[in-house]
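Participant: Protein chains in written order, with UniProt numbering: chain Y, 1 to 253; chain F, 1 to 389.
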């Protein structure tokens, strides 16, 4: 781990001049972005803009060709693997809901809890009251208390999305990366998800990638529009959606 | 293993399974030894040895189910760990022959005299002592699995690629053990055993005892596997099987988990091989044949992947069928039948025998009040896995 003497930045997440190319295709091109502690940021942009690749870089799945990625001002994420980064406190919700389908809802949350993740620790694990209380609380937050004993695979699409957000809560990371949380949700579910994320944002820094402009508007946070792997525009939803270039490449006339 | 882990791991199916194995382990040897030969209820000695072989296969199947059924690691080279355990036991048995060999050399086994060895190779040292050989039965397969797994899992070799390199591993060992100068009897392997711990390996009493010990090892192996899969570690293994990268993003070091079960599984396979060798009276390089390892995977698939009981049952059922069909007119067609069995099970019973039974039982219990099932599901630590993707 590359720990610098002093914080290089006050930002929770700091990306500077990041480049990634796959077989000559520049997925991320000189991307620079900062997220302050406690902030919630919405990321929009057309398909192929590099939104998911950016999350892959932050979580250690993809290594950038060049550029700086700092977490919490001190940690260089480009040198760490997924497990280390997760341990540091970065949680991720995938675009396609990824829950452990053959296990129950509460077991999914149990697995996500940020307790001892070593082989020995899990082999000799015995549940504690504090742990089950935390699980109960998360179940309540994501409205799945009734479904706690059901297999995650039997949940509806929207419920799986929530379970995955619940897993993030159980993980209790400093930074949450949420990829398309309302894809495939009904209007009511979308509204509830926005409420849920706002609630989570009270105690966590959040980055949300989403196409649903109504949802982004409802979040009411700073918006960054990516295009061809770089930042096209940044500002409030109104500023960004009235930007000529954004309308041209993303929103359409 | 704490008592807490034991009680948590035993559901009704597991208890029945253990009772059946324990009953067989006691009744078959007793019937063989105490009843007069030829009587209706007496189990003939050849059957004791045959069933002892099945029980060893069941332990091997259990070890494969632990990694394949619960962690998604499809090893097509597990026969190698079985054979290595077998060779470790075979080396002990060879050293026990002493001067009773054809050449009467007190130290060198016959094949070494025949091949003009002047002294015992260093890696044969210590195998005249039982405890050392027994330790090696665990250490050699375990160490190989640890080194192999450390390299493979850290480099994130998964799926079919891992299966292929496990095949390559067992094939490489097959070729090595075939060589006369490798020092393990080459083509002929190790055989002509006389004593084990001072008892004649051919004697009825020894065979009965070996059978009972094999059942005991099956029970122990089953309890260890149950304790592992019903712990939180077992939930992590299933998580790795179903969504490996998701598990990583939760902060689990997936390669450590894989390495742990892979090594435990290899040690279990080694024990199975060690019990197998004195009962069949020979160990030779053909035990490393890639086909053997694939066959063992078929047992698990037939019995029900990810059920443990199914793996053991599958090993016995398929091998019983093999014995039955290869001893008659149908013998030349056995491999076709094995292939057909695998295809039919994959198409018609993708969860295997036990998996299908469990699914049927669950669906019939769903008609009862939903609340009861829900609380039952909440209590049940282990959930039904899906068949291979």
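Where a beta carbon is used, it is the ideal one built from N, C-alpha and C, also for glycine.
All values derive from a computational prediction rather than experimental measurement.
1. By a C-beta neighbour count over all protein chains shown, 10 Å radius and 16 as the cutoff for buried, is residue 154(F) buried or exposed?
2. Spell out whether any CB of chain F is found under 9 Å from the CB atom of residue 99(Y).
3. Would residue 53(Y) pass as a contact of residue 95(Y) if the rule is Cβ separation under 9 Å?
4. If the cut-off is 8 Å on Cβ atoms, which residues from the region 135 to 148 of chain Y count as contacting chain F, listed in chain order?
5. How many angstroms separate the CA atom of residue 38(F) from the CA atom of residue 121(Y)?
6. Residue 177(Y): buried (16+ other C-beta within 10 angstroms of its C-beta) or exposed?
7. So, with DSSP's three-state summary, where would you put residue 142(Y)?
8. So for residue 133(Y), helix, strand or coil by DSSP?
9. Whose C-alpha, out of 191(F), 210(F), 189(F), 190(F), is nearest the C-alpha of residue 199(F)?
10. Between which residues of its own chain and residue 100(F) is the CB-CB distance below 8 Å, once the five residues before and five after are set aside?
11. Does residue 251(F) have its Cβ less than 9 Å from a Cβ in chain Y?
12. Measuring CB atoms only, is the region 34 to 49 of chain F touching the region 238 to 250 of chain F, in the sense that at least three cross pairs come out at less than 8 Å?
13. Give a yes or no on whether the C-beta atoms belonging to residue 88(F) and residue 136(F) are separated by under 9 Å.
14. Run down chain F in chain order and give the residues with a C-beta less than 8 Å from the C-beta of residue 171(Y).
15. Less than 9 Å separating the beta-carbons of residue 18(F) and residue 222(F)?
16. Between residue 32(Y) and the ligand ATP, is there a pair consisting of the residue's CB and a ligand heavy atom that are separated by less than 8 Å?
17. Taking CB distances under 9 Å as the criterion, tell me whether residue 356(F) reaches chain Y.
18. Consider the Cβ of residue 1(Y): report whether some Cβ of chain F lies at a distance smaller than 9 Å.
19. Taking Cβ positions only, does residue 61(Y) come closer than 9 Å to chain F?
20. Do residue 215(Y) and residue 186(Y) come within 9 Å of each other at the CB atom, strictly closer than that value?
21. Taking residue 209(Y) as part of the beta strand (DSSP E), name the residues at either end of that continuous run.
22. Report the option in 41(Y), 70(Y), 72(Y), 86(Y) whose CA atom is closest to the CA atom of residue 61(Y).
23. In chain F, what lies closer than 8 Å to residue 82(Y) by C-beta?
24. Quick check on DSSP: helix, strand or coil for residue 42(Y)?
25. Output the distance between the C-alpha atoms of residue 356(F) and residue 34(Y), rounded to the nearest integer angstrom.
26. Cutting at 6 Å between CB atoms, please list the residues of its own chain near residue 204(F), excluding the five before and the five after it.
27. Grab me the residues of residue 267(F)'s own chain with a C-beta within less than 7 Å of its C-beta, minus the 5 sequence neighbours each way, in chain order.
28. Just list the beta strand (DSSP E) runs in the region 153 to 206 of chain Y, keeping only unbroken ones of 3 residues or longer that don't cross its boundaries, in chain order.
29. Determine the chain F residues that contact residue 114(Y) at a beta-carbon separation under 9 Å, and present them in chain order.
30. Any idea if residue 16(F) is buried or exposed, counting beta-carbon neighbours within 10 angstroms, 16 or more meaning buried?
31. Counting only C-beta atoms, is residue 242(F) closer than 9 Å to chain Y at any point?
32. State the DSSP-derived secondary structure class of residue 78(F), mapped to helix, strand or coil.
33. Over the uninterrupted alpha helix (DSSP H) stretch that includes residue 231(Y), give me the two end residues.
34. Report the rounded CA-to-CA distance for residue 302(F) versus residue 68(F), giving the unit in angstroms.
35. Is there a Cβ from chain Y that is less than 9 Å from the Cβ of residue 67(F)?
36. Grouping DSSP H, G and I as helix and E and B as strand, with all else coil, what is residue 88(F)?
Facilitator: With the given structure in hand:
1. In the second chain, the residue the question calls residue 154(F) occupies position 154. Its Cβ having fewer than 16 others within 10 Å, residue 154(F) is exposed.
2. Counting from 1 along the first chain, the entry for residue 99(Y) is found at position 99. It does: the Cβ of residue 99(Y) has a partner Cβ on chain F nearer than 9 Å.
3. Along the first chain, read from residue 1 onward, the residue named residue 53(Y) stands at position 53. Along the first chain, read from residue 1 onward, the residue named residue 95(Y) stands at position 95. Against a cut-off of 9 Å, the Cβ pair of residue 95(Y) and residue 53(Y) comes out as no contact.
4. 148
5. For the purposes of this step, residue 38(F) is identified with residue 38 of the second chain, where counting begins at 1. For the purposes of this step, residue 121(Y) is identified with residue 121 of the first chain, where counting begins at 1. Their Cα atoms are separated by approximately 55 Å.
6. Stepping through the first chain from its first residue, residue 177(Y) is reached at position 177. Classification of residue 177(Y): buried, given that the 10 Å Cβ count is 16 or more.
7. Here residue 142(Y) corresponds to residue number 142 of the first chain, with the count starting at 1. Note: residue 142(Y) maps to coil in three-state DSSP.
8. Within the first chain, numbered from 1, the residue matching residue 133(Y) stands at position 133. Looking at residue 133(Y) - three-state DSSP - the assignment turns out to be helix.
9. In the second chain, the residue the question calls residue 199(F) occupies position 199. It is 210(F) whose Cα lies nearest to the Cα of residue 199(F).
10. Along the second chain, read from residue 1 onward, the residue named residue 100(F) stands at position 100. Correct list, in chain order: 194.
11. Residue 251(F) sits at position 251 when you count from the first residue of the second chain. Output row for residue 251(F): interface = yes.
12. No: fewer than three Cβ pairs fall under 8 Å.
13. Residue mapping note: residue 88(F) aligns to position 88 of the second chain, counting from 1. Residue mapping note: residue 136(F) aligns to position 136 of the second chain, counting from 1. Yes. Within cutoff.
14. Translated into positions along the first chain, residue 171(Y) becomes position 171. Ordered by position in chain F, the residues that pass the 8 Å Cβ test against residue 171(Y) are 250, 251.
15. Looking up residue 18(F) in the second chain gives position 18. Looking up residue 222(F) in the second chain gives position 222. Remark: C-beta atoms of residue 18(F) and residue 222(F) approach each other more closely than 9 Å.
16. Among the ligands in the structure shown, none appear at all, so the ligand ATP cannot be discussed.
17. For the purposes of this step, residue 356(F) is identified with residue 356 of the second chain, where counting begins at 1. By this cut-off, residue 356(F) is not an interface position.
18. Reading the first chain from its first residue, position 1 is the one you call residue 1(Y). Any reading at residue 1(Y) must be qualified, since the residue scores a pLDDT of 45, below 50, and its modelled position is unreliable; the value itself is stated next. For residue 1(Y), not one C-beta of chain F is nearer than 9 Å to its own C-beta.
19. Residue mapping note: residue 61(Y) aligns to position 61 of the first chain, counting from 1. So yes, residue 61(Y) belongs to the interface.
20. Residue mapping note: residue 186(Y) aligns to position 186 of the first chain, counting from 1. Residue mapping note: residue 215(Y) aligns to position 215 of the first chain, counting from 1. Not closer than 9 Å, so no.
21. For the purposes of this step, residue 209(Y) is taken as residue 209 along the first chain, with counting starting at 1. Segment 205 to 209, the beta strand (DSSP E) holding residue 209(Y).
22. Locating residue 61(Y) in the first chain gives position 61, counting from the first residue. Per the Cα distances, 86(Y).
23. Counting from one through the first chain, the residue named residue 82(Y) turns up at place 82. Within chain F, the residues near residue 82(Y) are 245, 248, 249.
24. The sequence position of residue 42(Y) within the first chain is 42, counting from 1. Here residue 42(Y) sits in strand by DSSP.
25. Here residue 356(F) refers to the residue found at position 356 of the second chain. Here residue 34(Y) refers to the residue found at position 34 of the first chain. Those two C-alpha atoms are separated by around 53 Å.
26. Translated into positions along the second chain, residue 204(F) becomes position 204. Within the same chain, residue 204(F) has close Cβ partners 45.
27. The residue given as residue 267(F) occupies position 267 in the second chain. Around residue 267(F): 138, 141, 142.
28. DSSP runs (the beta strand (DSSP E)) wholly in the region 153 to 206 of chain Y: 175 to 179.
29. Your numbering for residue 114(Y) matches position 114 in the first chain. What residue 114(Y) touches in chain F: 250, 251.
30. Taking the first residue of the second chain as position 1, residue 16(F) is located at position 16. A residue is called buried when at least 16 other Cβ atoms come within 10 angstroms of its Cβ; residue 16(F) does not meet this threshold and is exposed.
31. Start at 1 with the first residue of the second chain, and residue 242(F) comes out as number 242. It does: the Cβ of residue 242(F) has a partner Cβ on chain Y nearer than 9 Å.
32. Counting from 1 along the second chain, the entry for residue 78(F) is found at position 78. Helix at residue 78(F).
33. As a position in the first chain, residue 231(Y) is number 231, starting the count at 1. Boundaries around residue 231(Y) are those of the beta strand (DSSP E), 230 to 235, since no alpha helix (DSSP H) includes it.
34. Within the second chain, residue 302(F) is the residue found at index 302, counting from 1. Within the second chain, residue 68(F) is the residue found at index 68, counting from 1. About 13 Å.
35. Walking along the second chain from the start, residue 67(F) turns up at place 67. Chain Y contact via Cβ: absent.
36. Taking the first residue of the second chain as position 1, residue 88(F) is located at position 88. It is helical.
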